[in-house]
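There are 2 protein chains.
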Amino acid sequence: MGTSTRFTIALHILTLLASNRAQPLTSEYIARSVNTNPVVIRRLLGLLRKRGFVSSQPGNRGGWHLTEDPDAITLADVRRAVNEGSPFAMHSQPPNPACPVGRNIQAALTGVYAEAERTMEAHLARTTVGTLLRSVLARRRK
Amino acid sequence: MGTSTRFTIALHILTLLASNRAQPLTSEYIARSVNTNPVVIRRLLGLLRKRGFVSSQPGNRGGWHLTEDPDAITLADVRRAVNEGSPFAMHSQPPNPACPVGRNIQAALTGVYAEAERTMEAHLARTTVGTLLRSVLARRRK
DNA sequence: ACGGATCGTAACTATGATTGTTACAGAAGA
DNA sequence: TCTTCTGTAACAATCATAGTTACGATCCGT
Chain C
1 MGTSTRFTIA LHILTLLASN RAQPLTSEYI ARSVNTNPVV IRRLLGLLRK
51 RGFVSSQPGN RGGWHLTEDP DAITLADVRR AVNEGSPFAM HSQPPNPACP
101 VGRNIQAALT GVYAEAERTM EAHLARTTVG TLLRSVLARR RK
Chain A
143 MGTSTRFTIA LHILTLLASN RAQPLTSEYI ARSVNTNPVV IRRLLGLLRK
193 RGFVSSQPGN RGGWHLTEDP DAITLADVRR AVNEGSPFAM HSQPPNPACP
243 VGRNIQAALT GVYAEAERTM EAHLARTTVG TLLRSVLARR RK
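Listed in order, the protein sequences are those of chains C and A.
If you count by the numbering used here, then the first sequence holds residues 1 to 142, one letter each, in order.
If you count by the numbering used here, then the second sequence holds residues 143 to 284, one letter each, in order.
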């Protein structure tokens with residue numbers, strides 16, 4: 001299975017909201033920028049709302065807006081919010097416990113994987129939605 | 143799609159081969175330790191052979207054996223060998239080029255993702271198959 | 001030379017995650 | 001009250017992965 005695009009789409013959404021803090025944006029509008037279906041956007045926004053990054057307003061003239069400083073939202077926060085799993089997966093079936101390697105390989109790998117993930121997370125925590133917004137704006141040709 | 147288990151299985155295989163360097167192991171034998179089908183094992187061993195980590199001997203009394211020092215094979219090498227993709231995926235459909243954020247978000251993300259991957263790879267390069275083997279052996283109860 | 005054991009690989013199925021889509025009830029401003 | 005949105009369920013479409021069967025090619029040991 002390919003890696004999910006949720007993390008990327010969530011960052012796209014948050015960057016878009018960060019660049020339009022004056023008025024709420026509808027899932028329909030966001031979907032046109034991302035080039036997908038509004039329901040996909042609402043699903044992701046629901047996850048981001050759970051973490052308090054955005055809030056929604058139903059009804060006419062409703063929509064979504066950012067409720068935190070873009071520089072306070074790190075990419076590590078966003079990754080956690082959208083449930084991106086570990087980049088490492090163990091065996092789908094448990095290995096053979098009668099084999100010394102089979103019996104112990106998962107325990108040996110668990111620590112290595114956890115530390116590798118921590119390393120990556122620490123790196124992602126050094127970039128924020130604000131960083132992304134500035135990077136995007138610096139590239140635009142008006 | 144969930145993350146693939148190829149990396150984990152490849153490490154399991156290599157650790158098993160490293161612990162049995164005296165005689166070749168058959169895909170059948172390895173499959174019993176991993177608890178899967180021999181063809182799955184042969185497919186992975188084929189990828190590992192391309193990188194020169196293992197070699198195979200067809201025919202009666204054939205099988206597979208390690209051709210490199212376990213301490214010379216890093217987890218980063220193995221990960222590359224089995225084609226684990228990036229943990230980050232871009233949009234499946236290109237975002238809207240008429241939107242300033244849509245037009246530039248991928249360029250902004252590319253660098254961040256590449257650097258995060260490099261960080262993780264650098265970390266994985268610090269552990270080897272030899273490390274894993276010793277970790278596994280230290281846990282075994284004879 | 002034969003027989004059995006193994007690799008090498010194609011082809012197909014099964015499974016599961018993700019994404020996209022339709023549909024519709026509820027909420028809220030104008 | 002009408003229109004515009006959210007919120008969410010239900011379902012279809014797509015795709016990667018893993019598992020399985022099958023079978024030809026290879027090679028050791030006798």
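Ideal Cβ placement from N, Cα and C applies to all residues, glycine included.
query	result
With a cut-off of 8 angstroms, does the C-beta of residue 127/C fall near any C-beta of chain A?	yes
Answer yes or no: does any C-beta atom of chain C fall closer than 8 angstroms to that of residue 246/A?	yes
So which residues on chain C does residue 257/A lean against when the C-beta distance must stay under 8 angstroms?	123
To which residues of the same chain is residue 19/C closer than 8 angstroms at the C-beta, ignoring the five residues directly before and after it?	133, 136, 137
Is it true that the CB of residue 94/C sits closer than 8 angstroms to the CB of residue 282/A?	no
With a Cβ-Cβ cutoff of 8 angstroms, do residue 24/C and residue 65/C count as a contact?	yes
Flag residue 272/A as yes if its beta-carbon sits less than 8 angstroms from any beta-carbon of chain C, otherwise no.	no
Give me, in chain order, the residues of the same chain whose beta-carbon lies closer than 8 angstroms to that of residue 228/A; leave out the 5 immediate sequence neighbours on both sides.	255, 259
Since residue 14/C is in the alpha helix (DSSP H), which residue starts that stretch and which ends it?	6-18
List, from N- to C-terminal side, the alpha helix (DSSP H) runs of 4 residues or more that fit wholly inside the segment 29-62 of chain C.	38-50
Near residue 78/C, what residues of its chain come up, given a Cβ to Cβ distance below 8 angstroms and the 5 sequence neighbours on each side ignored?	7, 10, 11, 14, 48, 53, 129
Just the chain C side, please: which residues come within less than 8 angstroms of residue 153/A by C-beta, in chain order?	105, 109
Distance check for residue 183/A and residue 122/C, CA to CA, integer angstroms please.	34 angstroms
At the 8 angstroms Cβ level, is residue 39/C part of the contact set with chain A, yes or no?	no
Could you compute how far the alpha carbon of residue 193/A sits from the alpha carbon of residue 71/C?	43 angstroms
To which residues of the same chain is residue 145/A closer than 7 angstroms at the C-beta, ignoring the five residues directly before and after it?	none
If contacts are defined as beta-carbon pairs under 8 angstroms, then residue 158/A and residue 175/A qualify, I think. What distance do you get, rounded to the angstrom?	6 angstroms
Looking at chain A, is there any beta carbon in it that lies within less than 8 angstroms of the beta carbon of residue 88/C?	yes
Does DSSP put residue 233/A in a helix, a strand or coil?	coil
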